[in-house]
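So the sequence lines, in the order shown, correspond to chains A and B.
For the numbering used here, count along the first sequence from 1 and bump the result up by 1.
For the numbering used here, count along the second sequence from 1 and bump the result up by 1.
Below is one structure; the comments refer to it alone.
2 protein chains.
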Amino acid sequence: MKNQGTSKAATRGPAEHSVRDQIVNAARECFAHYGYDKTTVSDLAREIGFSKAYIYRFFESKQAIGEAICAECVGGLFDQTREAVDEGQDATDKLRRFARTVTSATVELLFTDRKLYEIAVHASSENWEAVQAYTERLQDLLEEILKEGRENGEFERKTPLDETRRSIFYALKPFIDPVFLERSLDLLPDAQTEVTGLVLRSLAP
Amino acid sequence: MKNQGTSKAATRGPAEHSVRDQIVNAARECFAHYGYDKTTVSDLAREIGFSKAYIYRFFESKQAIGEAICAECVGGLFDQTREAVDEGQDATDKLRRFARTVTSATVELLFTDRKLYEIAVHASSENWEAVQAYTERLQDLLEEILKEGRENGEFERKTPLDETRRSIFYALKPFIDPVFLERSLDLLPDAQTEVTGLVLRSLAP
DNA sequence: ATTGTGACCAAATACGTTATTAGTCACAGT
DNA sequence: ACTGTGACTAATAACGTATTTGGTCACAAT
């Protein structure tokens, strides 16, 4: 076991720099095409026409590049989810959209960019910062929905908000967490719908 | 990928036979001590004083022996759970005991017999018959509790019983499935309690 | 101060070879 | 029919080695 705790971003040098972007772009393509393991840092260097050493002026490690790509991926998942939620009519609808979209977006990633999905799996099992930030943002979004539902009387108000938010997130984890989701694929989409139903029943005032 | 579908029991020869028991006993000890992979069929043969070939009169494969041991393990988990449930006062209490016990029993297995737990993990990820049977029995037990709760007015009756049973099981999966549970350890016992709370709220009439 | 690199090293990985192991079968004794 | 085995093979794992890879650093150019 290497990195028991949470790992940090680990970037270096100027945050805004065309070379940093080039690295990230090359990494996105290479990782998606050949996978994280089979892409070497020298590959990325060759791709952008610089030396390998120069890459390390912008990233502390290969994993840091992987984290950047992972952050992009899960960022995309979050954006899709937020968009879908924003189109919801009421809190109930938003919660349904939340659960449905985060799952379907993740599944889509799995099928369209399997190699990138593998990075997300690795990131999740090793507790990379990108994934932790992602789950926190998701939980914030979920809490927003819950607040709205509580305010307009759709949801019950007795249970502490924190507990409600956490327990819903745990219950939905098999359909959110990339590691779990892989193992829940054969149950989709019914299981996800049914658990969402259970969650909504638990929120009834 | 080897065994995509569900694998069957795969025993051979007489079902009741002292040698079969000897094999299973030896396997239980060796697997627990050295692990499944590092125990060879010849080891088991030597342990019981017969030749390796004779073992294959009783089991189709090494995996079949592993399945027998795995069946014992999860059988033990189920028995503990059932016992705890039977001591419950009402359906609500039984449901709480159900969730708490299946989790704590599994965690205990993880800490006291890590090597056997690894077999269970392997069995679960490869969908061995023993684990499938286990989850079915657990769901049957859960359904019993739900029926009792519905009959005596503790639980709501609108949602189809099947759906309720499945959705609860899915929601509790991170605390039941050995593969998931490993990844939920740092959340215990709070997360489990809180999800159980959510489940009970969803069952409110 | 910023941009950029070749040379270098320890650690990890790929690879070819050897040694084990799972599983079978023909055969023997009762 | 039942109990039991040694000898055999194909597949897998263990092992040592050669190569690659992640990462650093001193140094050069602008």
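All residues carry an ideal CB built from backbone N, CA and C; glycine is no exception.
(1) Helix, strand or coil for phenylalanine 112/B, going by three-state DSSP, please let me know.
(2) Nearest CA to the CA of valine 200/A: which residue from Phe181/B, Ser62/B and Ile169/B?
(3) Does the beta carbon of lysine 148/A sit closer than 8 Å to a beta carbon anywhere in chain B?
(4) Alpha carbon to alpha carbon, how far is alanine 192/A from tyrosine 171/B?
(5) Name the one or two DSSP bridge partners that phenylalanine 60/B has.
(6) In angstroms with no decimal places, state the Cα-to-Cα distance between isoleucine 24/A and lysine 39/A.
(7) Taking only beta-carbon atoms, is lysine 174/A less than 8 Å away from chain B?
(8) List the whole-angstrom C-beta distance separating valine 86/B from arginine 98/B, where the pair is believed to meet the contact cut-off of C-beta under 8 Å.
(9) If we ignore side chains and look at the alpha-carbon of each, how far apart do leucine 78/B and arginine 58/A end up?
(10) Can you check whether the CB of isoleucine 70/B is closer than 8 Å to the CB of arginine 29/B?
(11) Can you tell me whether glutamate 17/B is buried or exposed, with buried defined as 16 or more other CB within 10 angstroms of its CB?
(12) If you drop the 5 nearest sequence neighbours on each side, which residues of the same chain put their C-beta closer than 7 Å to that of threonine 165/A?
(13) Check the Cβ of serine 203/A against every Cβ in chain B and list those closer than 9 Å, keeping chain order.
(14) Pull up the CB-CB distance for alanine 11/A and serine 62/A, whole angstroms please, since I reckon it's below 8 Å.
(15) Run through chain A and tell me which residues come within less than 8 Å of serine 168/B, C-beta to C-beta.
According to the structure data:
(1) Look at phenylalanine 112/B here: in three-state DSSP terms it is helix.
(2) Ile169/B
(3) no
(4) Note on geometry: alpha-carbon atoms of alanine 192/A and tyrosine 171/B lie some 7 Å from one another.
(5) Checking the DSSP bridge columns, you'll see phenylalanine 60/B partnered with Thr12/B.
(6) 16 Å
(7) yes
(8) 5 Å
(9) 53 Å
(10) yes
(11) Exposed.
(12) Leu147
(13) Gly198, Leu199, Val200, Leu201, Arg202, Ser203, Leu204 and Ala205
(14) 6 Å
(15) Ala192, Glu195, Val196, Gly198 and Leu199
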